[in-house]
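Enquirer: In order, the protein sequences belong to chains A and B.
With my numbering applied, the first sequence corresponds to residues -17 to 141, in that order.
With my numbering applied, the second sequence corresponds to residues -17 to 141, in that order.
Where is the CB? At the ideal position from N, CA and C, for every residue including glycine.
Quick one: the structure is below, questions incoming.
Protein chains: 2
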Amino acid sequence: MRIREATAVDWPHIYPFWSEIVAAGETYAYPEGLTSEEAKDLWMYDHVVVAVEGDQILGSAKMGPNRPGRGSHIGTASFMVSPEARGKGVGRALGDYCVSWHKDNGFHGIQFNAVVETNITAVRLWQSLGFQIIGTVPDAFDSRSHGRVGLHVMYLPLT
Amino acid sequence: MRIREATAVDWPHIYPFWSEIVAAGETYAYPEGLTSEEAKDLWMYDHVVVAVEGDQILGSAKMGPNRPGRGSHIGTASFMVSPEARGKGVGRALGDYCVSWHKDNGFHGIQFNAVVETNITAVRLWQSLGFQIIGTVPDAFDSRSHGRVGLHVMYLPLT
Chain A
-17 MRIREATAVD WPHIYPFWSE IVAAGETYAY PEGLTSEEAK DLWMYDHVVV AVEGDQILGS
43 AKMGPNRPGR GSHIGTASFM VSPEARGKGV GRALGDYCVS WHKDNGFHGI QFNAVVETNI
103 TAVRLWQSLG FQIIGTVPDA FDSRSHGRVG LHVMYLPLT
Chain B
-17 MRIREATAVD WPHIYPFWSE IVAAGETYAY PEGLTSEEAK DLWMYDHVVV AVEGDQILGS
43 AKMGPNRPGR GSHIGTASFM VSPEARGKGV GRALGDYCVS WHKDNGFHGI QFNAVVETNI
103 TAVRLWQSLG FQIIGTVPDA FDSRSHGRVG LHVMYLPLT
């Protein structure tokens, strides 16, 4: 598996698992039922990468400043791993890449704004990379299977 | 003083204090040096109101869902009070309006994502309306006078 920068021609291979993950209703507060073009506008900006094995795309991550202006020294990122590629360490590889990319680009820290508290795999993965839970907004995510659950704000200082 | 919905013709009267507040570098992580049109795109969407006295606009607030999809039951808001109108209760009037508007529109809670910790007036005002600090992202705002300071995530449950 390797991680490389994504280009526009990768999007048709990202969109199937991207939309499947959003439709599952467990991890992301994106609008549901977006067209491929609408979803592309929400994902393919700032720095976007894909995890690939041969010619297969296993996952994608996007990263960049969490806020403009006087908040732009803190980064943020989002991650999608194809359900077919789960358990292969794709999330960890993308997470490691994300931390390195932010360090290389001089960010002061990385903030995740909305980690669903019932997404235990993600919470544990980020914690294993050094992220801490800054706080949890109660009931802020309407999980398909769990009902209303909290959204963690997580943070990793880099300097 | 009364609060009414803003229309496009109000924007030229909002932009002077909006840009002055952003340029002061103490409270908002908007890009600096935006044109009036660029700033308008960042402010004049969702539900936007102005606080007026006679024909003078003293402040403005915008509010709406904090996230789309499965996060849209939590609202958020931003506030700008003209520096010339400080100390007249404009922020409190806009804050009270904001809480009522979210209740009337069936929101489950209100989340402020980035309250600068050195903006004591705002922090105390939101606390007096019942908001609690969920957590603070350290060093996340580059204040012109204080250097890097924390950004509070604040939350008010409504149901």
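1. With DSSP as the reference, identify every bridge partner of B:ILE116, one or two as the case may be.
2. Using a Cβ cut-off of 8 Å (strictly closer), state whether A:HIS128 contacts chain B.
3. Out of A:GLU2, A:THR9, A:LEU140, which has the shortest C-alpha to C-alpha gap to A:THR17?
4. Against B:TYR12, what residues of chain A qualify as contacts under a CB-to-CB distance less than 8 Å, listed in chain order?
5. When you compare the CB positions of B:VAL72 and B:LEU107, do they come within less than 8 Å of one another, or not?
6. Determine whether the Cβ of B:GLY88 lies closer than 8 Å to any Cβ atom of chain A.
7. When the distance is taken between beta carbons, is A:LYS44 closer than 8 Å to A:SER151?
8. Could you give the DSSP three-state label for A:THR100: helix, strand or coil?
9. Could you list which residues in chain B have their beta carbon closer than 7 Å to that of A:THR58, in chain order?
10. Which class does A:HIS90 belong to by DSSP, given the choice of helix, strand or coil?
11. To the nearest whole angstrom, what separates the beta carbons of B:GLY91 and B:LEU140, a pair I think is in contact under 8 Å?
12. Do A:ALA11 and B:GLY117 have their C-beta atoms within less than 8 Å of each other?
13. Note down, in chain order, all residues in the stretch -16 to 13 of chain B with a beta-carbon under 8 Å from any beta-carbon belonging to chain A.
14. Measuring only between beta-carbons, confirm whether B:PHE94 sits less than 8 Å from chain A.
15. Pairing CB atoms from the stretch -10 to 8 of chain B with CB atoms from the stretch 112 to 130 of chain B, are three or more of them under 8 Å?
16. Quick one: what's B:TYR137 bridged to in DSSP?
17. B:TYR137 versus chain A: which residues are under 9 Å apart at the beta carbon?
18. For B:HIS29, would you say it is in contact with chain A, using Cβ-to-Cβ distances shorter than 8 Å as the test?
19. Is the beta carbon of B:LEU138 sitting closer than 8 Å to the one on B:PHE113?
20. B:GLY142 versus chain A: which residues are under 9 Å apart at the beta carbon?
21. Return the chain-ordered list of same chain residues with a C-beta closer than 8 Å to the C-beta of B:TRP0, the five sequence neighbours on each side being excluded.
22. Against chain A, with Cβ distances strictly below 8 Å, would B:HIS84 count as a contact?
23. Assuming the contact rule is C-beta atoms closer than 8 Å, A:VAL135 and A:LEU111 should be a hit. Round their C-beta distance to whole Å, please.
24. I need the DSSP call for B:GLY15, collapsed to helix, strand or coil.
25. Under a Cβ-count criterion, where at least 16 other Cβ atoms within 10 Å of its own Cβ denotes burial, should A:GLN38 be classed as buried or exposed?
26. Give me whichever residues DSSP pairs with A:MET26 in a beta bridge.
Expert: With the given structure in hand:
1. The residue you call residue 116 of chain B lines up with position 134 of the second sequence. Looking at the DSSP assignment, B:ILE116 forms no beta bridge with any residue, so it has no partner.
2. In the first sequence, the residue the question calls residue 128 of chain A occupies position 146. Output row for A:HIS128: interface = no.
3. Residue numbering aside, residue 17 of chain A sits at position 35 when the first sequence is read from its first letter. The option with the nearest alpha carbon to A:THR17 is A:GLU2.
4. By 1-based counting over the second sequence, the position of residue 12 of chain B is 30. What B:TYR12 touches in chain A: PRO50, GLY51.
5. As a first step, residue 72 of chain B must be located in the second sequence, where it is residue number 90. As a first step, residue 107 of chain B must be located in the second sequence, where it is residue number 125. Their beta carbons are not under 8 Å apart, which means B:VAL72 does not touch B:LEU107 by this criterion.
6. Translated into the one-based positions of the second sequence, residue 88 of chain B becomes position 106. B:GLY88 does not count as touching chain A.
7. Coverage of chain A is limited to positions -17 through 141, which leaves residue 151 of chain A absent and any answer about it impossible.
8. If you number the first sequence from 1, residue 100 of chain A lands on position 118. Coil.
9. In the first sequence, residue 58 of chain A corresponds to position 76, counting from 1. Those do not exist, as A:THR58 stays about 11 Å from chain B at its closest Cβ, beyond 7 Å.
10. On the first sequence, residue 90 of chain A is found 108 positions in, with the first residue counted as 1. A:HIS90 falls in the coil class under three-state DSSP.
11. Reading the second sequence from its first residue, position 109 is the one you call residue 91 of chain B. Reading the second sequence from its first residue, position 158 is the one you call residue 140 of chain B. Right, the Cβ-Cβ distance comes to about 5 Å (below 8 Å), so this counts as a contact.
12. Within the first sequence, numbered from 1, the residue matching residue 11 of chain A stands at position 29. Within the second sequence, numbered from 1, the residue matching residue 117 of chain B stands at position 135. Going by C-beta atoms, A:ALA11 is not nearer than 8 Å to B:GLY117.
13. VAL4, GLY7, TYR10, ALA11, TYR12, PRO13
14. Here residue 94 of chain B is taken as the residue at index 112 of the second sequence, counted from 1. No, because no Cβ of chain A sits closer than 8 Å to the Cβ of B:PHE94.
15. yes
16. For the purposes of this step, residue 137 of chain B is taken as the residue at position 155 of the second sequence. According to the DSSP secondary-structure assignment, B:TYR137 is paired through a beta bridge with B:GLN93, B:GLN114.
17. As a first step, residue 137 of chain B is located in the second sequence; it is residue number 155 there, counting from the start. Within chain A, the residues near B:TYR137 are GLY117, VAL119, PRO120, ALA122.
18. Residue mapping note: residue 29 of chain B aligns to position 47 of the second sequence, counting from 1. So, not an interface residue.
19. Numbered from 1 along the second sequence, position 156 holds the residue referred to as residue 138 of chain B. Numbered from 1 along the second sequence, position 131 holds the residue referred to as residue 113 of chain B. Cβ distance < 8 Å, so B:LEU138 and B:PHE113 count as in contact.
20. There is no way to answer for residue 142 of chain B, as the model of chain B reaches only from -17 to 141.
21. In the second sequence, the residue the question calls residue 0 of chain B occupies position 18. Closer than 8 Å at Cβ, skipping near neighbours: ALA21, TRP25, SER42, MET62.
22. The residue given as residue 84 of chain B occupies position 102 in the second sequence. By this cut-off, B:HIS84 is not an interface position.
23. Walking along the first sequence from the start, residue 135 of chain A turns up at place 153. Walking along the first sequence from the start, residue 111 of chain A turns up at place 129. Incorrect: roughly 16 Å between the Cβ atoms, too far for contact.
24. The residue given as residue 15 of chain B occupies position 33 in the second sequence. Coil, per DSSP.
25. Indexing the first sequence from 1 puts residue 38 of chain A at position 56. Exposed, since its Cβ has fewer than 16 Cβ neighbours within 10 Å.
26. Numbered from 1 along the first sequence, position 44 holds the residue referred to as residue 26 of chain A. DSSP lists no partner for A:MET26.
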